[in-house]
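What follows is a set of notes on a single structure, which appears directly below.
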Amino acid sequence: MLSYISAAFRPPSPEEGVQQRPPRYAGEDTTPTSRREILGWYSYGIAAEVFAVCGVGSFLPLTLEQLARERGTLQVSRLPCVGPSTGNSTNSAEHGQCVVPIFGAEVNTASFAMYTFSLAVLIQALTLISFSALADYENNRKILLMVFGFAGALASMLFIFIAPPIFIIGSILVVIGVTCLGSSFVVLNSYLPVLVANDPSLQEGKADDSAEMSSFDRDGGNSEWNAWGSDDADNDSLDGLQPQEQPRSSLEGGLGAKAPPSSSPELQLSTKISSTGIGLGYCAAVFVQIISIILLITLSKTSLVKVSGTLPMRFVLLLVGIWWGGFTLVTRNLLKTRPGPPLDSVATKGTARWRAWLRLIGFAWKSLWETVKIVIKLREVLMFLVAWFLISDAMATVSATAILFARTELKLSTPLIGLLSITATVSGMTGAFLWPHVSRYFGLRPNQTIILCIGMFEMIPLYGLLAYIPFIKKWGVFGLQQPWEIFPLAIVHGVVSGGLASYCRSFFGLMIPPGSEAAFYALYAATDKGSSFIGPAIVGVLVDATGQIRSGFFFMALLILLPIPLVWMVNADKGRREGLAMAETLGKSHGGPAEYAQEAEGLLARE
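Per the numbering used here, residue 122 is the first one in the sequence shown, and the count goes up by one each step.
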């Protein structure tokens, strides 16, 4: 990794600064993409993926729960949940669940963490939809990337000051961090088609064929980045079916634009760059996670834990924030601005600029709604989007619940939870490459592979529910009664999540009307982010009602099963035919999304 970064400081190539094709708009930078610039793009993945894995996926939920626990009381006895000097938890089984007052209501400390992440994901989804279009214009792409990157890094670092009496501020920092993480990956992905379009290797015999991806699609449509996982941290994998078509910008061509073929040199180069970036990001995350485990073990032997059980984890979050901010600074120095079209041609200051920004936000929501109206006419696509809504929510719910269950129910130490996160991450990368081989070996259709993944995913909550069977409960083992049992399930979770993320995305791509990839993948991403807050919130309510996280396994078992009949009923061939017919209809029409694309272009010349 260090060799990549050191190479970034070599002198720029002689080709830099030379315009290699005619600009498409005033101020467009068409200088050749340099190795230095590519390294700058890689650098941000190295920066932010660490927060996704080490922060969101590991230590943020634990820190939130522990901060609330140190401030909470046992519901029955009203004794403190944590001793004032020992930092050890009181036996809540004898005195009731640990609760903390939140705006006049008593909330289980584990529920508090789940509610916080549900709110964070919801705000992230609204932010992605509302502000994604802004990155297309002027210098906003780099400005937004730096703002989101440094703000998220600062939010992580500020956790060092969050003591139990101000644990509510910790939840605010989580919301800021998660929102900045997802939004920055959106903006980062918007750079990819620009870098590819200006790559010197693609310029022979080619002038203006390369186009930027949709501002909506950056979160899940064009770039293979999100095929591995970003946000959310969260858990995607490399597409295992086939390369996705490179979507054109919805702001340039609308739904009627023609997408480049899937075998195009642009797509091959884009996949190569993004896959390398993903790999570097995950390697960085695993490296920092190992350092974090060592740091936690070291600090646990000091007197810091007597002050607060969260201090070692807060030092880890400080480290993660410094890493995020440091590599974001590298990106700032290496990545060129690559400005987009001017926001307007008349007024550039004052209220006029803000009105233009508001029009773009309105256009973003309007375009999304236009795509929804088209999807309603495509039965197979609509059915699969409902299934994806449930699948995405199930994956987010299991991920959010697992860490807190491991800590509060299985009493796993913080270093072991870090190891659990590494296990799931590496398993997810393995699953990305494993499922295509499994599918080919057994001759499975894409929807059959998805159902097989869902069936394996169902094993996780069902295994946890075994502990409700009296004779298994007496054994004291099986049904997630022993800490070691969660590690094999983490492997299952990682492998299955990789298959679900990649195959669902590819299966959806088979049914998209040609030329509409950008807008449809925008809706796909919005469906993903828009659903992922529901399940954790419902599990939080169940935990408040029962005092046990295990009770949420009933809901998760049902949630995972629900999409199976929908996926089984989806006919990809029929969906493809419907998509082709819709593409022809959209090509002949003069309204709809194409009209709104022209409206967006009109923003460039309108005050």
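Note that beta-carbon positions come from the ideal geometry of N, C-alpha and C, so glycine has one too.
Given the structure is predicted, the values throughout are model-derived calculations rather than measurements.
In the three-state DSSP reduction, Ile223 falls in the strand class (E or B).
When Leu313, Val317, Pro285 and Met267 are compared, the shortest CA-CA separation from Ser304 is found for Met267.
Rounded to whole angstroms, the separation of the alpha carbons of Ala318 and Arg698 is 31 Å.
For Glu579, the enclosing alpha helix (DSSP H) covers residues Pro567 to Leu586. Residue state for Leu195 is assigned as strand, using DSSP reduced to three classes.
A contact is defined here as three or more CB-CB pairs under 8 Å, and the segment 185-203 meets this definition with respect to the segment 227-245. For Leu531, the closest of Arg561, Pro386 and Val598 by C-alpha to C-alpha distance is Val598.
By the 16-neighbour rule on beta-carbons within 10 angstroms, Trp509 is buried. In this structure, DSSP gives Val203 an extended state, which the three-state scheme calls strand. When the Cα atoms are used, Ile287 and Met235 turn out to be separated by approximately 18 Å. At a Cβ-Cβ threshold of 8 Å, Ala611 and Thr544 count as neighbours. Taken through DSSP and simplified to helix, strand or coil, Asn229 comes out as strand. When DSSP states are grouped into helix, strand and coil, Met690 belongs to the helix group.
Burial state of Tyr584 is buried, judged by a 10 Å Cβ sphere holding 16 or more other Cβ atoms. Closest by C-alpha distance to Phe676, out of Leu503, Asp649 and Pro582, is Pro582. Within the model, the alpha-carbon separation for Ser239 versus Val613 is close to 24 Å. Each residue's CA atom was taken as its position, placing Pro460 and Pro314 some 13 Å apart.
Excluding residues up to 5 positions away in sequence, Leu511 lie with their Cβ nearer than 7 Å to the Cβ of Leu683 in the same chain. 8 Å or more divides the Cβ of Ala515 from the Cβ of Leu663. One thing to note: Leu309 has its Cβ no nearer than 8 Å to the Cβ of Tyr163. In the DSSP annotation of this structure, the continuous segment of the alpha helix (DSSP H) that includes Glu170 starts and ends at Arg156 to Val171.
With a threshold of 16 other beta carbon atoms within 10 Å, Glu158 meets it and is buried. Residue state for Asn261 is assigned as helix, using DSSP reduced to three classes.
Taking C-beta atoms under 8 Å as the contact rule, Ala517 and Pro686 fail to qualify, at a distance of about 21 Å. In the assembly as shown, Pro222 is an exposed residue. Its beta-carbon has fewer than 16 other beta-carbons within 10 Å.
Taken through DSSP and simplified to helix, strand or coil, Phe654 comes out as coil.
In the structure shown, Thr449 falls within a helical segment according to DSSP collapsed to helix, strand and coil. By the CB criterion at 8 Å, Gly615 and Gly539 fall outside the cutoff.
Beta-carbon to beta-carbon, Leu439 and Ser413 are separated by about 11 Å, too far to satisfy the 8 Å threshold. With a beta-carbon spacing of about 23 Å, Phe306 and Gly291 fall beyond the 8 Å limit used to define contacts. In this structure, the CA atom of Thr154 is about 49 Å from the CA atom of Glu606.
Residue range Phe288 to Ala318 is occupied by the alpha helix (DSSP H) that includes Pro314.
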